[in-house]
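Asks:
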Amino acid sequence: MRPTPTRSRSRRALLCAVLLALTVQTAAAPALASRPGRPGGSDCVRTERPLDGKARRILDITRKAKSDLKLKSVQLRVTVDGHEVVTDALGESMTGVPAEPDMHFRAGSVAFAHIATVLLQLVEEGRVGLDDTVERWLPHLPKADRITLRMLADNTTGLHDYVTDPAFLAELVPHPFRQWTPAELLAYPLKHSFWYEPGTSWSYSHANYLLLVAALEKITGTRIDRLVRERVTGPLGMRNTRNGFTPDIPGPVLHAFTSDRGFYEESTFWNPSWTTAPGAVITTHICDLATSARAVGSGELLSHRSYRTLLNPGTVGLGGGTARCPASICLKQTEAKHFGLGVIVVNGWVLQNPSFSGYAAIQAYLPSKRLALAVSATKTPTTPEGNMAEVVARRIAAALAPNDPLAIT
């Protein structure tokens with residue numbers, strides 16, 4: 500039977516579509532083949548094989564840790580004196596989608612290290628004093644005439660932390676997509692009396708960085724995302740570290756999953772607006788995180804004097820439980836383990852360790868060995884509680900710097 504005109508036209512259209520697809524694939528193949536790393540030209544790629552002995556050892560440690568901790572993915576980068584030792588990614592971003600080194604994830608409190616760096620630069624330039632009180636920029640803050648920029652940056656104001664406030668959690672947990680404003684977040688700590696008089700003890704509070712960002716923006720007349728880009732991430736070439744005013748993450752995306760609400764679910768695009776001030780909610784990839792670890796940990800963007808202040812702004816010796824502030828909140832600050840300006844110092848390591856909404860990461864730098872570690876991890880339903888990126892990094896550190904334990908907890 501002869502085909503009808505309609506069938507003939509359909510067959511011709513289908514044939515043309517197939518030929519067009521073959522033509523596009525053939526034309527595209529050489530272009531893709533000429534690009535470095537993944538399609539798209541990313542410069543954050545797995546270390547070229549074959550690996551040397553140190554890189555193989557690090558990767559073996561990471562594989563075992565991933566298995567032991569039942570992680571969904573691990574991204575890692577290790578450098579010495581700024582030179583790559585190994586970069587890799589293990590596991591999956593989503594089912595059937597391999598994790599890659601250039602996948603972006605949320606970096607949370609890493610932004611605090613960048614903000615503190617900006618503050619110290621402004622002090623170096625004589626635009627502010629670290630011990631300036633904040634009433635001129637934050638006139639409505641209780642005790643503003645006794646709270647200094649230093650206290651906001653090193654967590655010695657005495658303000659409660661809204662992140663651990665049961666009333667805040669009761670609102671956050673059932674509404675993970677809610678967009679929070681700084682005023683809404685600050686309302687929680689400001690309902691409580693201060694744990695102690697400003698500057699007399701130490702306690703961690705996200706509220707301090709909400710307020711510090713507001714002060715810096717008024718001091719400079721510049722939005723915090725622009726300040727950080729102009730003074731920190733831009734000069735360091737961290738092109739894949741950026742602020743987001745929405746829950747979106749630039750592609751390619753490392754997806755996150757969590758059991759925080761009692762069942763295992765995807766949490767990639769939960770709204771992170773509660774984590775810090777607008778303009779400082781950052782995403783990054785593992786190569787930029789290693790750059791941040793090295794630059795912050797070595798004081799690359801600071802004078803030697805400011806770098807010393809970054810590592811110990813006067814917190815050592817503060818903290819310890821009192822009748823008003825339990826030891827679980829007013830943690831004792833020691834030479835071996837204390838909070839600096841936007842960083843944590845542990846046995847000589849300079850670090851930040853964000854962990855929330857299924858994402859966990861750590862940037863850590865050991866100045867004595869010029870060793871930088873960057874690790875990111877995501878969870879399966881059976882992953883233990885806590886920041887498992889820290890655990891992976893601790894195992895790597897034990898192999899590379901056995902006399903300098905990365906013992907955070």
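Residues in the sequence shown are numbered consecutively from 500, following our numbering. Where a beta carbon is used, it is the ideal one built from N, C-alpha and C, also for glycine. Computed from a predicted structure; not experimentally measured.
Examine the Cβ distances between the region 766 to 775 and the region 554 to 572 and report whether three or more of them are shorter than 8 Å.
Replies: Touching, no.
Asks: One question on the structure: do Leu-753 and Ser-867 come within less than 8 Å of each other, judged by their Cβ atoms?
Replies: The sequence position of residue 753 within the sequence shown is 254, counting from 1. The sequence position of residue 867 within the sequence shown is 368, counting from 1. No, the Cβ-Cβ distance between Leu-753 and Ser-867 is not below 8 Å.
Asks: Pop quiz: Thr-905 and Ala-892 are said to be a contact at Cβ under 8 Å. What is the actual Cβ separation, rounded to whole angstroms?
Replies: Along the sequence shown, read from residue 1 onward, the residue named residue 905 stands at position 406. Along the sequence shown, read from residue 1 onward, the residue named residue 892 stands at position 393. Note on residue identity: the sequence assigns Leu, not Thr, to residue 905. Indeed, because the Cβ distance is near 6 Å, the residues count as touching under 8 Å.
Asks: Would you call the region 791 to 801 and the region 858 to 874 in contact, with 3 or more CB pairs under 8 Å?
Replies: Touching, yes.
Asks: What ranges does the alpha helix (DSSP H) occupy inside the region 760 to 841, keeping only unbroken runs of at least 4 residues that lie completely in it?
Replies: Those alpha helix (DSSP H) runs which fall completely within the region 760 to 841 and span 4+ residues are 785 to 797 and 803 to 810.
Asks: What span of residues does the alpha helix (DSSP H) with Arg-869 cover, start to end?
Replies: Looking up residue 869 in the sequence shown gives position 370. Unbroken run through Arg-869: none, as it is neither H nor E.
Asks: How about the region 634 to 650 and the region 692 to 700: do they share at least three Cβ pairs that are nearer than 8 Å?
Replies: Yes: at least three Cβ pairs fall under 8 Å.
Asks: Can you tell me whether Leu-668 is buried or exposed? The criterion is at least 16 other CB atoms within 10 Å of its CB, across all chains shown.
Replies: Numbered from its first residue, the sequence shown carries residue 668 at position 169. The residue is exposed, with fewer than 16 neighbouring Cβ atoms inside 10 Å.
Asks: In whole angstroms, give me the CA-to-CA distance for Thr-833 and Thr-594.
Replies: By 1-based counting over the sequence shown, the position of residue 833 is 334. By 1-based counting over the sequence shown, the position of residue 594 is 95. Rounded to the nearest angstrom, the two C-alpha atoms are 44 Å apart.
Asks: Candidates Gln-678, Thr-732 and Met-737: which alpha carbon is nearest Phe-744's?
Replies: In the sequence shown, the residue the question calls residue 744 occupies position 245. That would be Gln-678, whose Cα lies nearest to the Cα of Phe-744.
Asks: In the DSSP assignment, the alpha helix (DSSP H) including Glu-716 goes from what residue to what residue?
Replies: Here residue 716 is taken as the residue at index 217 of the sequence shown, counted from 1. Taken as a continuous stretch (DSSP letters only), the alpha helix (DSSP H) holding Glu-716 covers 705 to 719.
Asks: Would you tell me roughly how many angstroms separate the C-alpha atoms of Leu-726 and Gly-736, rounded to the nearest one?
Replies: In the sequence shown, residue 726 corresponds to position 227, counting from 1. In the sequence shown, residue 736 corresponds to position 237, counting from 1. C-alpha separation (whole angstroms): 15 Å.
Asks: To which residues of the same chain is Cys-543 closer than 6 Å at the C-beta, ignoring the five residues directly before and after it?
Replies: Mapped onto the sequence shown, residue 543 falls at position 44. Cβ neighbours of Cys-543 beyond the five flanking positions: Pro-600, Asp-601, His-784 and Cys-786.
Asks: Flag this pair as touching only if the region 833 to 848 and the region 678 to 689 have three or more C-beta atom pairs under 8 Å; answer yes or no.
Replies: No, they do not touch.
Asks: What residue range does the beta strand (DSSP E) around Ala-588 cover?
Replies: Translated into the one-based positions of the sequence shown, residue 588 becomes position 89. Note, Ala-588: beta strand (DSSP E), 582 to 593.
Asks: Are the region 750 to 765 and the region 871 to 884 in contact at 8 Å, needing three or more beta carbon pairs?
Replies: Yes: the two stretches touch, three or more of their Cβ pairs being nearer than 8 Å.
Asks: Please name the residue in Thr-757, Thr-663, His-613 and Ala-598 whose C-alpha comes closest to that of Glu-884.
Replies: On the sequence shown, position 385 is the one that residue 884 refers to. Answer by Cα proximity: Thr-757.
Asks: Sort out for me which residues DSSP pairs His-603 with in a bridge.
Replies: Position 104 of the sequence shown, counted from the first residue, corresponds to residue 603. In the DSSP output, where bridge partners are listed per residue, His-603 has Val-752.
Asks: Mapping DSSP to helix, strand and coil, what is Lys-579?
Replies: The count along the sequence shown starts at 1 and reaches residue 579 at position 80. Note on residue identity: the sequence assigns Val, not Lys, to residue 579. Reduced to three states, the DSSP call for Val-579 is strand.
Asks: Between the C-alpha atoms of Pro-812 and Pro-641, what's the straight-line distance to the nearest angstrom?
Replies: The residue labelled residue 812 in the question sits at position 313 within the sequence shown. The residue labelled residue 641 in the question sits at position 142 within the sequence shown. Answer to the nearest angstrom: the Cα atoms are 23 Å apart.
Asks: Taking Leu-800 and Val-731 to be in contact with their CB atoms under 8 Å, please state how far apart those CB atoms are, rounded to whole angstroms.
Replies: Here the question's residue 800 lines up with position 301 in the sequence shown. Here the question's residue 731 lines up with position 232 in the sequence shown. Contact flag correct, Cβ pair sits at about 6 Å.
Asks: Would you mind stating whether Tyr-703 and Ile-614 have Cβ atoms separated by less than 8 Å?
Replies: Position 204 of the sequence shown, counted from the first residue, corresponds to residue 703. Position 115 of the sequence shown, counted from the first residue, corresponds to residue 614. The answer is no: Cβ separation not under 8 Å.
Asks: Around the C-beta of Glu-765, are 16 or more other C-beta atoms found within 10 angstroms, so that it is buried, or is it exposed?
Replies: Taking the sequence shown and counting its residues from 1, one reaches residue 765 at position 266. Answer is exposed; the Cβ neighbour count stays below 16.
Asks: Return the chain-ordered list of same chain residues with a C-beta closer than 6 Å to the C-beta of Lys-831, the five sequence neighbours on each side being excluded.
Replies: Taking the first residue of the sequence shown as position 1, residue 831 is located at position 332. Excluding positions up to five away in sequence, the list reads Gly-818 and Gly-819.
Asks: Buried or exposed: where does Pro-688 fall if 16 or more other Cβ atoms within 10 Å of its Cβ makes it buried?
Replies: Along the sequence shown, one-based indexing puts residue 688 at 189. It is buried - the Cβ of Pro-688 has at least 16 other Cβ atoms within 10 Å.
Asks: Please work out which residues of its chain come closer than 6 Å, Cβ to Cβ, to Val-622, disregarding the five sequence neighbours upstream and downstream, and give them in chain order.
Replies: For this step, residue 622 is matched to residue 123 along the sequence shown. Result list for Val-622: Leu-629, in chain order.
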